[in-house]
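Peer 1:
Residue numbers (the numbering used here): 487 to 780.
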């Protein structure tokens, strides 16, 4: 299918083989560094959910370690080069994605808390790099046209499903969540602030939907979505899912109206995280097709 392969004048496949496949290596390292910084925020939020006043509990340290490992694995999976050059090619992004964690642990964190946190982050980054190489790597062989067509259809289905989930979130939050939050008299001005914040999340949800819609339009125009497009959508959906999950947990202990809002927030979190998973699957489909045709 031309969604995954273009042909030259003689009918032969025409492939582009850039030195660094998706974005320039310096840009990859910069993005990895930025994502490593966001890992500190994600870990802090996870630890705060299990915080015990007056002491640092094992649950708090464990939550920070597990969250950091999973998040850095996800980040490294997206930023690691997937050009078949092996694990060594992922070392620059792996160092960049774990560097902020090292800077945060060494001077500022007690060793009994920092060492497990640092070790889990490094293991997560390595796991993400290994997954990026293993899931994409395929033997070089001629691809049957039927398999190319199946992958193109799978790519279309993932993009459409992700767009539907984002559209559902963009409807549920303004209609089902924000009115209940804004009408909550028990929290005074914070209710108004929370409503505005949820409205801003809808703006970012629509932005992710716009990016995904443009990607789907490009696929219909015989081109495949870029890794930058899929990555932006995946991370926007991931952050929105984490925000909705946290706010859903916050509102779960209040009155009936806010409990309904809490349920809807959890539902939106699930929709957002499914969109993240769909974009990850789509990136694997695109990369496998690209490498098998080279």
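From the three backbone atoms N, C-alpha and C, an ideal C-beta is built for every residue, glycine too.
Inspect the beta-carbon positions of residue 652 and residue 694 and report whether they are closer than 7 Å.
Peer 2: Closer than 7 Å, so yes.
Peer 1: Please state if the CB of residue 737 and the CB of residue 755 are separated by a distance shorter than 7 Å.
Peer 2: No, the Cβ-Cβ distance between residue 755 and residue 737 is not below 7 Å.
Peer 1: Would you check if the distance between the CB atom of residue 753 and the CB atom of residue 701 is smaller than 7 Å?
Peer 2: It is not a contact, given that the beta carbons lie outside the stated cut-off.
Peer 1: DSSP state of residue 542, grouped into three classes?
Peer 2: Of the three classes helix, strand and coil, the one that applies to residue 542 here is coil, per DSSP.
Peer 1: If you compare alpha carbons, which of 750, 640 and 664 is closest to residue 679?
Peer 2: Of the candidates 750, 640 and 664, the one whose C-alpha sits nearest the C-alpha of residue 679 is 664.
Peer 1: Alpha carbon to alpha carbon, how far is residue 587 from residue 598?
Peer 2: C-alpha separation (whole angstroms): 15 Å.
Peer 1: If you run the structure through DSSP and keep just helix, strand and coil, what is residue 568?
Peer 2: If DSSP states are grouped into helix, strand and coil, residue 568 belongs with coil.
Peer 1: Would the stretch 573-593 and the stretch 532-544 be scored as touching if the rule is three or more Cβ pairs under 8 Å?
Peer 2: The stretch 573-593 is not in contact with the stretch 532-544.
Peer 1: Look at the alpha carbon of residue 616 and the alpha carbon of residue 770, and state the distance between them as a whole number of angstroms.
Peer 2: Each residue's alpha carbon lies about 14 Å from the other.
Peer 1: Let me know the secondary structure DSSP gives residue 595 once reduced to three states.
Peer 2: Here residue 595 sits in coil by DSSP.
Peer 1: Which value, in whole angstroms, describes the spacing of the CA atoms of residue 684 and residue 600?
Peer 2: Taking the straight line joining both Cα atoms gives about 33 Å.
Peer 1: Can you name the start and end residues of the alpha helix (DSSP H) that residue 665 belongs to?
Peer 2: Residues 664-668.
Peer 1: Straight-line CA distance for residue 608 to residue 767?
Peer 2: The straight-line gap from Cα to Cα measures roughly 24 Å.
Peer 1: Within 10 Å of its beta-carbon, does residue 512 have 16 or more other beta-carbons around it, so buried, or fewer, so exposed?
Peer 2: Burial call: exposed.
Peer 1: For residue 573, which residues from the same chain have a beta carbon less than 8 Å from its beta carbon, with the 5 sequence-adjacent residues on both sides left out?
Peer 2: Only 615, 616 and 619 meet the Cβ criterion.
Peer 1: Using a 10 Å radius around the Cβ and a threshold of 16 neighbouring Cβ atoms, would you call residue 696 buried or exposed?
Peer 2: By the 10 Å Cβ count, residue 696 comes out exposed.
Peer 1: If we call anything under 7 Å between Cβ atoms a contact, is residue 758 one with residue 723?
Peer 2: Cβ distance < 7 Å, so residue 758 and residue 723 count as in contact.
Peer 1: Hey, how far is the Cα of residue 567 from the Cα of residue 514?
Peer 2: Using only the alpha carbons, I get a separation of about 8 Å.
Peer 1: Check for me: the alpha helix (DSSP H) holding residue 534 runs from which residue to which?
Peer 2: First-last of the alpha helix (DSSP H) with residue 534: 511-535.
Peer 1: Between 734, 548 and 558, which has its C-alpha nearest residue 721's C-alpha?
Peer 2: Out of 734, 548 and 558, 558 has the C-alpha closest to the C-alpha of residue 721.
Peer 1: Return the chain-ordered list of same chain residues with a C-beta closer than 6 Å to the C-beta of residue 518, the five sequence neighbours on each side being excluded.
Peer 2: So the list reads 565, 579, 582 and 583, once near-sequence residues are dropped.
Peer 1: Taking the beta carbon of residue 659 as the centre, do at least 16 other beta carbons fall within 10 Å, making it buried, or is it exposed?
Peer 2: Buried, because 16 or more other Cβ atoms sit within 10 Å of the Cβ of residue 659.
Peer 1: Can you look up residue 699 in the DSSP assignment and give me helix, strand or coil?
Peer 2: In this structure, residue 699 counts as helix in the three-state DSSP scheme.
Peer 1: Would DSSP call residue 737 helix, strand or coil?
Peer 2: Three-state DSSP puts residue 737 in a helix.
Peer 1: Hey, how far is the Cα of residue 551 from the Cα of residue 613?
Peer 2: Each residue's Cα considered, the two are about 14 Å apart.
Peer 1: Thinking just about the alpha-carbon of each residue, which of 589, 692 and 549 is nearest to the one in residue 726?
Peer 2: Looking at the Cα atoms, 692 is the closest of the given residues.
Peer 1: Under the assumption that residue 522 contacts residue 585 (Cβ atoms under 8 Å), give the Cβ distance between them as a whole number of angstroms.
Peer 2: Right, their Cβ atoms sit about 6 Å apart.
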